[in-house]
Amino acid sequence: MTSQYRRPIPSPSPEARPFWEGAREHRLALPYCPACAQFFWFPRPFCPRCFSWEVEWRPASGRGRVYSFAIQYRAQMPGFEDELPYLTALVDLDEGPRLMTNLVEVEPDPVSVRCDMPVEVVFADINDEISLPKFRPAAGGAR
Ligand SMILES: [Zn+2]
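As structure tokens, then:
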């Protein structure tokens, strides 16, 4: 798989390193502000609400709902043509933050995907360092 992977590979910033370290172990972790008692996204060294620098990382459930999605029929960059069509999505995590991601294990068809659909995280191992969080329909269906 590694030798055939031709898509861009993330190179984690220092602020996002705990996210990617968690992903490598197939754990979803999110930045959290104890002062606000809320998660936030994207990773920053300070809270975007109260500007506290006392932020920490906490495990997330890996569950959420589709806020919006798009079926991609054209490769915008080299490396993406092999899996056309594929799904890009915004997922609202149960913890609050909204992630841009891919939907997998579901037909890229408007009949099969809907907004507010419950989803759960799965991880695609790209190489020894990077695993990408993606989302599939949640086991058990509607909640
Ligand atoms: Zn805060």
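Take 33 as the starting number for the sequence shown in my numbering and just add one per residue. Ideal placement from N, C-alpha and C gives every residue a C-beta, glycine not left out. Because the structure is a prediction, the values reported are computed rather than measured.
Among the options, nearest to residue i - alpha-carbon criterion
i           : options               : result
residue 116 : 94, 136, 158 and 89   : 136
residue 124 : 104, 147, 57 and 83   : 147
residue 103 : 121, 111 and 65       : 121
residue 142 : 166, 130 and 105      : 105
residue 149 : 134, 77 and 169       : 169
residue 112 : 57, 44, 134 and 165   : 134
residue 131 : 38, 53 and 63         : 63
residue 166 : 172, 101, 107 and 114 : 101
residue 164 : 59, 45, 36 and 46     : 59
residue 98  : 80, 151, 156 and 172  : 151
Cβ neighbours of residue i in the same chain (closer than 8 angstroms, five flanking residues each side left out)
i          : result
residue 41 : 158, 159 and 162
Status (buried if at least 16 other CB within 10 Å, exposed otherwise) for residue i
i          : result
residue 75 : buried
residue 69 : exposed
residue 33 : Low local confidence applies: a pLDDT of 48 at residue 33 is under 50, so the model's placement there is unreliable, with the coordinate-based value given in what follows. Looking at its Cβ environment, which holds fewer than 16 other Cβ atoms inside 10 Å, residue 33 is exposed.
residue 55 : buried
residue 83 : exposed
Sequence-distant residues of its chain with Cβ nearer than 7 angstroms to residue i (five each side left out)
i           : result
residue 126 : 93, 95 and 96
residue 45  : none
residue 156 : 163, 164 and 166
Beta-carbon proximity of residue i to residue j, cut-off 7 angstroms
i           : j           : result
residue 48  : residue 89  : no
residue 119 : residue 140 : yes
residue 153 : residue 145 : no
residue 110 : residue 73  : no
Legend entry - Environment of ligand 1 in chain order, Cβ to heavy atom below 5 angstroms: Taking a cut-off of 5 angstroms from the heavy atoms of ligand 1, the residues with a C-beta inside it are 65, 67, 68, 79, 81, 82 and 84.
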